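A.B. asks: Take the sequence shown: its position 298, counted from the start at 1, is 336 in the working numbering, and no numbers get skipped. Here a beta-carbon is modelled for each residue, glycine too, at the ideal position from N, C-alpha and C. All of these numbers come straight from a predicted model, not from anything done at the bench. This is the structure, below, for whatever I ask next.
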Amino acid sequence: MKTGPSVFGKFALVVKNATWLTVFEVLRVIMPFIALPYLFHTVGEDRYGNVVFAQAIVACFALAVNFGLDISAVRDVARLRNDKRELDALVSAVMIIKAALCIVSFLVLAALVETVPRLSRDAVLFYFAFLSCIADVLLPVWYYQGKENMKLLTVIRFFSIAFYTASIFVVVRSADDYVYIPLLQSGGMILSALVSCYFLFGRDRIRFHLPSLSLIGLKFRESVPFFLSRASLVINTYMAKIMCGFYLSSSDVAAFDVAQKICNGGMVPMQMFNQALYPSLSKSQNKDMLRRSLGIVTLMTSAVALLLFFLSGWLTDILSQGKTPEAGSLMRILCLYIFMGGFSLFLGSSALVSFGHQRPFNLSVLLSSALLLVCYALMVLTQNNSIYLYALTLVLAECVVLGYRFYYCRKYGLVGFRDTIIQRFDDSKIQ
Numbered sequence: 039m040k041t042g043p044s045v046f047g048k049f050a051l052v053v054k055n056a057t058w059l060t061v062f063e064v065l066r067v068i069m070p071f072i073a074l075p076y077l078f079h080t081v082g083e084d085r086y087g088n089v090v091f092a093q094a095i096v097a098c099f100a101l102a103v104n105f106g107l108d109i110s111a112v113r114d115v116a117r118l119r120n121d122k123r124e125l126d127a128l129v130s131a132v133m134i135i136k137a138a139l140c141i142v143s144f145l146v147l148a149a150l151v152e153t154v155p156r157l158s159r160d161a162v163l164f165y166f167a168f169l170s171c172i173a174d175v176l177l178p179v180w181y182y183q184g185k186e187n188m189k190l191l192t193v194i195r196f197f198s199i200a201f202y203t204a205s206i207f208v209v210v211r212s213a214d215d216y217v218y219i220p221l222l223q224s225g226g227m228i229l230s231a232l233v234s235c236y237f238l239f240g241r242d243r244i245r246f247h248l249p250s251l252s253l254i255g256l257k258f259r260e261s262v263p264f265f266l267s268r269a270s271l272v273i274n275t276y277m278a279k280i281m282c283g284f285y286l287s288s289s290d291v292a293a294f295d296v297a298q299k300i301c302n303g304g305m306v307p308m309q310m311f312n313q314a315l316y317p318s319l320s321k322s323q324n325k326d327m328l329r330r331s332l333g334i335v336t337l338m339t340s341a342v343a344l345l346l347f348f349l350s351g352w353l354t355d356i357l358s359q360g361k362t363p364e365a366g367s368l369m370r371i372l373c374l375y376i377f378m379g380g381f382s383l384f385l386g387s388s389a390l391v392s393f394g395h396q397r398p399f400n401l402s403v404l405l406s407s408a409l410l411l412v413c414y415a416l417m418v419l420t421q422n423n424s425i426y427l428y429a430l431t432l433v434l435a436e437c438v439v440l441g442y443r444f445y446y447c448r449k450y451g452l453v454g455f456r457d458t459i460i461q462r463f464d465d466s467k468i469q
């Protein structure tokens with residue numbers, strides 16, 4: 039029988055990486071919030087809504103650029119971390135694939151901006167926002183996550199976010215300066231990408247070269263299922279704002295963005311815990327560790343959802359300077375999304391994917407996306423568009439995903455109902 043410290047030793051690396059990931063995500067979420075009230079005061083909700091609309095459209099192209107490689111490559115880096123030659127080939131292949139997809143995406147965006155009136159009137163916003171896709175090509179988040187070392191990346195991206203936040207107060211001084219908002223954000227991301235590449239190729243001595251076409255093709259094919267899962271994330275996160283931009287108003291886009299930003303911030307602890315847990319579970323296949331982790335997720339998800347529900351009106355009024363009164367009600371609806379999303383996230387990546395059950399994970403994602411698109415299509419056809427219906431649709435889709443994933447987790451013997459309650463550490467069970 040082993041002692042208590044050995045139990046916690048199993049979680050030591052997970053907690054360390056979760057801490058750094060959480061620090062980064064908290065900074066990424068909180069620091070733009072510092073500038074948000076200033077932006078509402080300076081450029082107004084309509085112009086800010088136009089910026090959010092452009093960023094939501096570009097997020098679809100960022101999805102194409104990453105193409106699921108930010109998931110599949112993490113697993114490959116974790117497996118090849120001690121094989122320098124194979125690691126060089128992997129990094130080169132991933133960056134080449136992303137660069138090619140970035141070029142294609144830009145050509146498609148340019149065609150849309152030139153032909154769609156709703157996009158062409160703010161063309162400069164879309165081009166400035168698209169610069170962030172260049173950062174996606176160069177920024178090796180997946181590499182450091184697979185190496186289970188997020189400290190360096192956290193520090194680098196902190197200065198990137200600080201650059202964006204500080205520059206907002208310096209550059210955006212009048213309503214007409216709203217076009218610089220996506221440029222400053224993209225600039226900060228490119229800065230962090232360049233610095234991280236310096237460490238990737240300098241300190242870690244990764245050698246970039248042209249890998250075989252067979253390797254490039256293999257990595258592209260392996261990322262397809264994860265691309266589909268990321269597509270669901272983009273639909274969940276951005277489609278409602280895109281719908282608002284096309285069928286409602288820019289102020290509605292701004293209101294939805296404020297509520298969703300707060301709720302996304304609430305998801306950070308669960309996301310970071312899962313990101314840190316995923317490599318460890320993929321290697322260890324430790325079901326006991328998985329079940330204990332579910333208890334932690336239960337407490338985190340419940341506490342965050344309740345806290346944000348009661349603070350919703352206060353938070354949205356502060357961040358939007360009281361210019362988006364609908365945001366408080368939207369946020370209370372989205373708290374249900376947080377509650378179910380915390381569980382479905384854990385059951386997806388940490389449970390199903392880590393233990394090799396990618397098929398039900400991917401099918402649940404497709405089911406969610408299909409349901410959302412059908413609901414949005416019905417709203418358009420019946421001309422019954424509403425920001426509250428958009429929010430309720432997100433909740434419904436997440437509920438379906440959670441039920442589907444939980445069914446398969448029980449089927450494969452990964453978790454059960456009793457595992458949602460934190461079990462005491464029974465040393466006699468630790469081998």
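#1: With Tyr450 as the anchor, note down where its alpha helix (DSSP H) starts and where it stops.
#2: Using the rule of at least 16 other Cβ atoms within 10 Å of the residue's Cβ for burial, across every protein chain shown, is Val453 buried or exposed?
#3: Are the CB atoms of Gly226 and Ile194 nearer to each other than 8 Å?
#4: Grab me the residues of Gly451's own chain with a C-beta within less than 8 Å of its C-beta, minus the 5 sequence neighbours each way, in chain order.
#5: Which same chain residues, not among the five before or five after Phe46, have their C-beta less than 6 Å away from its C-beta?
#6: By the three-class DSSP mapping on this structure, what secondary structure does Asn324 have?
#7: Whose C-alpha, out of Phe258, Val210, Gly184, is nearest the C-alpha of Leu118?
#8: Excluding the 5 residues flanking Val291 on each side, which residues of the same chain have their C-beta closer than 6 Å to its C-beta?
#9: In its own chain, which residues sit with a C-beta less than 6 Å from the C-beta of Arg268, not counting the 5 before and 5 after it?
#10: With DSSP collapsed to three states, give me the class of Glu186.
#11: Work out the CA separation of Ser110 and Glu260 for me, nearest whole Å.
#12: Between Arg85, Phe196, Ser388, Leu372, which has its C-alpha nearest Val217's C-alpha?
#13: Just to confirm the assignment, what range does the alpha helix (DSSP H) spanning Asp174 have?
#14: Can you tell me where the alpha helix (DSSP H) with Ile376 in it begins and where it stops?
#15: Indicate the three-state DSSP secondary structure (helix, strand or coil) for Lys122 in the structure shown.
#16: Counting only the same chain and skipping the five closest in sequence on each side, list residues whose C-beta sits under 6 Å from that of Ser170.
#17: Could you check what DSSP says for Asp242 in three-state terms: helix, strand or coil?
#18: What residue does the alpha helix (DSSP H) around Asn400 start on, and which one ends it?
#19: Run through DSSP, which three-state label would Val154 get?
#20: Have a look at Asn400 and Ala213 and give me their C-alpha separation to the nearest angstrom.
#21: Please look up how many angstroms separate the CB atoms of Val439 and Phe384, rounded, as I've assumed it's under 8 Å.
#22: Nearest by alpha-carbon distance to Pro263: which of Val342, Val391, Val296 is it?
#23: Could you tell me the alpha carbon to alpha carbon distance between Met277 and Leu163, rounded to whole angstroms?
#24: Run the CB neighbour count on Phe348, radius 10 Å, all protein chains shown included, and call it buried at 16 or more, exposed below.
#25: When the Cβ atoms of the stretch 348 to 368 are set against those of the stretch 292 to 304, are three or more pairs found closer than 8 Å?
#26: Under the rule that 16 or more other beta-carbon atoms within 10 Å means buried, what is Phe258, buried or exposed?
#27: Taking only runs that begin and end inside the stretch 74 to 133, name each unbroken beta strand (DSSP E) of 3 or more residues, in chain order.
#28: Give me the Cα-Cα distance between Gly82 and Arg330, rounded to the nearest whole angstrom.
#29: Using the Cα positions of Asn302 and Leu256, report the straight-line distance between them to the nearest angstrom.
#30: In whole angstroms, what is the alpha-carbon distance linking Ile254 and Gln93?
#31: Cα separation between Leu248 and Pro178?
#32: Where does Leu248 sit, in a helix, a strand or coil, going by DSSP?
#33: In whole angstroms, what is the alpha-carbon distance linking Phe207 and Gln359?
C.D. replies: To lay it out plainly:
#1: Note, Tyr450: premise wrong, no alpha helix (DSSP H); not H, not E.
#2: buried
#3: No, they are not a contact pair.
#4: Lys325
#5: Residue placement at Phe46 cannot be trusted, given a pLDDT of 46 that sits under 50; the coordinates are not used to answer.
#6: coil
#7: Gly184
#8: Gly87, Val90, Phe91, Lys279, Cys282, Gly283
#9: Leu101, Gly106
#10: coil
#11: Answer to the nearest angstrom: the Cα atoms are 7 Å apart.
#12: Arg85
#13: 161 to 176
#14: Run containing Ile376: 364 to 383, per the alpha helix (DSSP H) assignment.
#15: helix
#16: Ser224, Met227
#17: coil
#18: 396 to 419
#19: coil
#20: 43 Å
#21: That belief does not hold up - the Cβ atoms of Val439 and Phe384 are roughly 12 Å apart, past 8 Å.
#22: Val391
#23: 18 Å
#24: It counts as exposed.
#25: yes
#26: Here Phe258 is buried: its Cβ has 16 or more other Cβ atoms, across all protein chains shown, within 10 Å.
#27: none
#28: 47 Å
#29: 33 Å
#30: 29 Å
#31: Rounded to whole angstroms, Leu248 to Pro178 spans 18 Å at the Cα level.
#32: When DSSP states are grouped into helix, strand and coil, Leu248 belongs to the coil group.
#33: 16 Å
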